[in-house]
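Mapping of the sequence shown onto numbering that gives the first Met the number 0: position 42 corresponds to residue 41, and the numbering continues sequentially without gaps. These notes concern the structure reproduced below.
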Amino acid sequence: MTIVNNSDELKRVYWPDKPCGKIMNHSNVTAYACRTLIEFDAWGKHWHSRKWFINDDNELIFNIEQNLFINLGMFNDGTSAMHNLVAYDQLRDPEPQLSLF
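Following this line, the structure appears as structure tokens:
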């Protein structure tokens, strides 16, 4: 478990996984989702994600399907809605298994 205090620490945890599929950033740069479990509090709710990425606008996209994001510049300044960010780098989803049959 890693307590994340700023975007630089989160970027050190970010380990993109190609099997999750690629996402195009705003500048048409390919980004891959990370499957490391993260949890945090924001907007009066507890959030968790196993499929997230950091885009080229310095935003944490934690719900790719609904495009829910947190501005990491505001997180660094302490003005973000996100608090208590924790990454569980040991609790990664297992790699997809390939079958020979």
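Glycine included, each C-beta is placed from N, C-alpha and C at the ideal position.
{"Item": "8 Å contact criterion, which Leu84 and Leu71 should meet: CB distance rounded", "Value": "Contact flag wrong, Cβ pair sits at about 10 Å."}
{"Item": "Phe61 vs Leu67 beta-carbon contact at 8 Å", "Value": "yes"}
{"Item": "Coarse secondary structure for Glu8, derived from DSSP in three states", "Value": "helix"}
{"Item": "Delimiting residues of the beta strand (DSSP E) encompassing Asn70", "Value": "Leu67 to Asn70"}
{"Item": "Per-residue burial, Arg34 [other beta carbons within 10 Å of its own, 16 or more giving buried]", "Value": "buried"}
{"Item": "Where Asp76 sits in the DSSP three-state scheme", "Value": "helix"}
{"Item": "Cα-Cα separation, Ala86 to Ile37", "Value": "4 Å"}
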